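Counted the way the numbering used here counts, the sequence shown spans residues 719 to 1018. Contents: one structure, followed by commentary.
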Amino acid sequence: MTSPRALLTAWNIQAKKQLGQNFLNDPNVARDIVNKASIGDDDVVLEIGPGLGAITVPAAIAARRVIAADKDGRIIGLLRTELLAAGIDNVDVREADILRVDLASVSREAGRPLVVLGNLPYNISSQVLVQLIHARSGVDRAVLMLQKEMAQRICAGPGSKDYGRLSVMLGYCADTKVLMQVRAPLFFPAPKVDSTVVGIRFTDPLPHPAEDETLLFRVVKAAFGKRRKTLRNALSQSDLNIEPPTCERLLAAARIDPMRRAESLSVAGFVRLSNIIGDHRRTIGADGKEVTNPYSSGGG
């Protein structure tokens, strides 16, 4: 593996800070990451931000095919040259912004759910994770290198200060675990913080399926939108359009203390709450008033 510094110098390319470009400089770590993804010879890998090909090469050796999407057109030619020199011919290098890539379409093209690999820049990590969650029918698993702080957030459990919206969303539909740590000096240029490699395997069937997944994610977003407030206040002050007394009643119906805060509520608790809110929304009319049963006698 040619060093990133030497390659970039030879091609007169400078790493772009705004793209979060920190290139892995250790082939052993790259091989470890690919090994931890358990890639088989029939797998199709989607690599996010292949950069100079440190992970691309061992992934291509293990997989049937690699689709490598990089936003930076300056390094596409460099990457293709490196793959050619390594005798790799099963990598489809594409200049593409991963946030604009239709993952369902890529999965259909591959003919199977994808294995996603990537060293994600901090500024798009949350967006990519949400994208994977929504497209998970076409994604079997992902092994991602994230800033240590982000990894702590997505792997956190209820009651932790790191527990938040992404923790719940991933906890709802995936098993997530830390696989390994990667120190900052192993990159060029070296980032200011260490990285963590996280494994995400999407689950089917879901342990706690929501009646309306879109509503569930809206409830989670609302609850953590004002995380210092109680659930009663956070939800009633959100775009869910629930009045405080109604919110308190719905929380009680879900067996949740209205004075609790979002970070104390489990995934199952959020699902139960969103189902109750969904039931409530189905019983109110267009004017926001509760619909009564016209056949009810109303008496005893």
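Even for Gly, the Cβ is constructed at its ideal location relative to N, Cα and C. Remember, it's a predicted structure, so these values are computed and weren't measured experimentally.
Comparing alpha carbon positions, the residue from 780, 889 and 984 closest to residue 922 is 889.
Relative to the Cα of residue 912, the nearest Cα in the group 902, 842, 735 and 967 belongs to 902. Between residue 782 and residue 808, the gap from beta carbon to beta carbon is short of 8 angstroms.
Residue 744: not part of any alpha helix (DSSP H); DSSP gives it neither H nor E. Leaving aside the five residues that flank residue 944 on each side, the residues in its chain whose CB is nearer than 6 angstroms to its CB run, in chain order, 952.
Relative to residue 893, the option among 776, 801, 950 and 872 whose CA is nearest is 872. The alpha helix (DSSP H) runs of length 4 or more contained entirely in the segment 934–969 are, from start to end of the chain, 949–954. Shortest Cα-Cα distance from residue 977 to any of 948, 983 and 846 involves 948. Contact check for residue 929 and residue 996: beta-carbon distance about 5 angstroms, within the 8 angstroms limit, so the pair qualifies. Proximity to residue 987 across 924, 876, 920 and 910 peaks at 876, based on C-alpha coordinates.
Taking every protein chain shown into account, the CB of residue 849 has 16 or more other CB atoms within 10 angstroms, so this residue is buried. Under the DSSP assignment, residue 913 falls in the beta strand (DSSP E) whose first and last residues are 913–920.
A Cβ-Cβ contact shorter than 8 angstroms links residue 797 with residue 768. In this structure residue 904 does not touch residue 861 by the C-beta definition: roughly 17 angstroms separates them, more than the 8 angstroms allowed. Around the beta carbon of residue 973, fewer than 16 other beta carbons lie within 10 angstroms, which makes this residue exposed.
Per DSSP, residue 995 has no beta bridge partner at all. Cα atoms of residue 869 and residue 914: separation of roughly 6 angstroms, rounded to the nearest angstrom.
Collapsing the DSSP output to three states places residue 1001 in coil. Residues 846, 862 and 864 of the same chain have their beta carbon placed closer than 6 angstroms to that of residue 838, with the five preceding and five following residues left out of the count. Relative to the Cα of residue 785, the nearest Cα in the group 792, 762 and 776 belongs to 762.
In the three-state DSSP reduction, residue 801 falls in the helix class (H, G or I). Taken in chain order, the complete beta strand (DSSP E) segments of 3 residues or longer contained in the segment 844–871 are 857–865. Sorting 946, 777 and 990 by C-alpha distance to the C-alpha of residue 760 places 777 at the top.
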